[in-house]
Amino acid sequence: RKEVEQDPGPFNVPEGATVAFNCTYSNSASQSFFWYRQDCRKEPKLLMSVYSSGNEDGRFTAQLNRASQYISLLIRDSKLSDSATYLCVVIQGAQKLVFGQGTRLTINP
Amino acid sequence: DAMVIQNPRYQVTQFGKPVTLSCSQTLNHNVMYWYQQKSSQAPKLLFHYYDKDFNNEADTPDNFQSRRPNTSFCFLDIRSPGLGDAAMYLCATSRIGTGRNYGYTFGSGTRLTVV
Numbered sequence: 679r680k681e682v683e684q685d686p687g688p689f690n691v692p693e694g695a696t697v698a699f700n701c702t703y704s705n706s707a708s709q710s711f712f713w714y715r716q717d718c719r720k721e722p723k724l725l726m727s728v729y730s731s732g733n734e735d736g737r738f739t740a741q742l743n744r745a746s747q748y749i750s751l752l753i754r755d756s757k758l759s760d761s762a763t764y765l766c767v768v769i770q771g772a773q774k775l776v777f778g779q780g781t782r783l784t785i786n787p
Numbered sequence: 410d411a412m413v414i415q416n417p418r419y420q421v422t423q424f425g426k427p428v429t430l431s432c433s434q435t436l437n438h439n440v441m442y443w444y445q446q447k448s449s450q451a452p453k454l455l456f457h458y459y460d461k462d463f464n465n466e467a468d469t470p471d472n473f474q475s476r477r478p479n480t481s482f483c484f485l486d487i488r489s490p491g492l493g494d495a496a497m498y499l500c501a502t503s504r505i506g507t508g509r510n511y512g513y514t515f516g517s518g519t520r521l522t523v524v
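As you go down the protein sequences, you meet chains A and B in turn. Residue numbers for the first sequence follow our numbering, beginning at 679 and rising by one. Residue numbers for the second sequence follow our numbering, beginning at 410 and rising by one.
Okay, structure coming up:
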């Protein structure tokens with residue numbers, strides 16, 4: 679079983695749609711959780727951290743369910759510029775950043 | 410303003426010819442990481458340095474080595490590159506204190522082609 683698993687995608691949605699990604703992690707001792715965004719042939723960039731209480735940043739909402747070891751990302755009112763690969767990321771211990779395989783999102787005009 | 414700098418951005422090397430990729434940082438972060446990312450795959454951790462302590466991942470091939478001569482610099486050495494080593498190599502840094510990680514910063518990556 680992979681340490682971090684994501685929806686395989688790809689997701690193709692029209693502009694303005696709401697889209698949700700899911701992610702599960704296997705190590706119950708994982709402490710910190712993030713969503714990263716990666717554009718084609720670029721490095722991953724932090725989109726947002728994920729907290730147990732859930733957190734929102736503009737059109738983006740992240741949720742964490744520790745009991746189910748499940749993380750989600752919701753994008754509302756999607757824009758063309760949201761097209762990218764979204765990576766679920768978990769920190770194991772204090773040092774190790776583990777990535778999911780990523781979900782490719784394409785927003786269509 | 411670049412804080413984690415990787416050189417070169419693109420590297421072409423011959424099959425079997427040793428190659429070194431470099432990473433430098435101006436953040437004074439105590440941890441530096443090397444990730445390998447192949448097309449349409451997640452970044453995979455090869456190894457990391459926590460200060461001077463080297464931490465190798467169990468499945469990292471012996472063909473991959475790393476050096477960290479000081480806080481600012483870290484190198485990835487591929488002793489005998491094979492065609493399967495063609496990938497994007499990402500350097501990242503983080504600051505860790507009292508068991509807490511304060512966040513990661515990635516370099517722009519070096520895309521390695523093996524011919």
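Beta carbons are placed, not taken as given, at the ideal position from N, Cα and C, and that holds for glycine. Here the structure is a predicted model, which means the values were calculated and not measured.
Distance CB(residue i)-CB(residue j) smaller than 9 Å
i	j	result
residue 413 (chain B)	residue 514 (chain B)	yes
residue 435 (chain B)	residue 524 (chain B)	no
residue 684 (chain A)	residue 770 (chain A)	no
residue 443 (chain B)	residue 482 (chain B)	no
residue 739 (chain A)	residue 751 (chain A)	yes
residue 694 (chain A)	residue 735 (chain A)	no
residue 428 (chain B)	residue 490 (chain B)	yes
residue 737 (chain A)	residue 757 (chain A)	yes
residue 455 (chain B)	residue 475 (chain B)	yes
residue 753 (chain A)	residue 702 (chain A)	no
residue 450 (chain B)	residue 522 (chain B)	no
residue 507 (chain B)	residue 430 (chain B)	no
Backbone CA spacing between residue i and residue j [nearest angstrom]
i	j	result
residue 777 (chain A)	residue 468 (chain B)	16 Å
residue 387 (chain B)	residue 730 (chain A)	Nothing about residue 387 (chain B) can be reported from this structure: the residues present for chain B run from 410 to 524 only.
residue 732 (chain A)	residue 766 (chain A)	15 Å
residue 707 (chain A)	residue 746 (chain A)	13 Å
residue 689 (chain A)	residue 775 (chain A)	25 Å
residue 457 (chain B)	residue 705 (chain A)	20 Å
residue 787 (chain A)	residue 760 (chain A)	12 Å
Counterpart residues of residue i in DSSP-defined beta bridges
i	result
residue 462 (chain B)	B:459
residue 727 (chain A)	A:712
residue 776 (chain A)	A:768
residue 420 (chain B)	B:521
Interface flag, residue i vs chain D, CB-CB below 9 Å
i	result
residue 742 (chain A)	In summary, chain D is missing from the structure at hand, where the protein chains are A and B.
Beta carbon proximity, residue i to chain B, threshold 9 Å
i	result
residue 728 (chain A)	no
residue 689 (chain A)	no
residue 682 (chain A)	yes
residue 779 (chain A)	yes
residue 768 (chain A)	no
Amino acids of chain A, ordered along the chain, whose beta-carbon sits closer than 7 Å to that of residue i
i	result
residue 474 (chain B)	Those do not exist, as residue 474 (chain B) stays about 19 Å from chain A at its closest Cβ, beyond 7 Å.
Within chain A, partners of residue i - CB distance below 8 Å
i	result
residue 515 (chain B)	721, 722, 723
C-beta neighbour in chain A for residue i, strict 9 Å
i	result
residue 497 (chain B)	yes
residue 477 (chain B)	no
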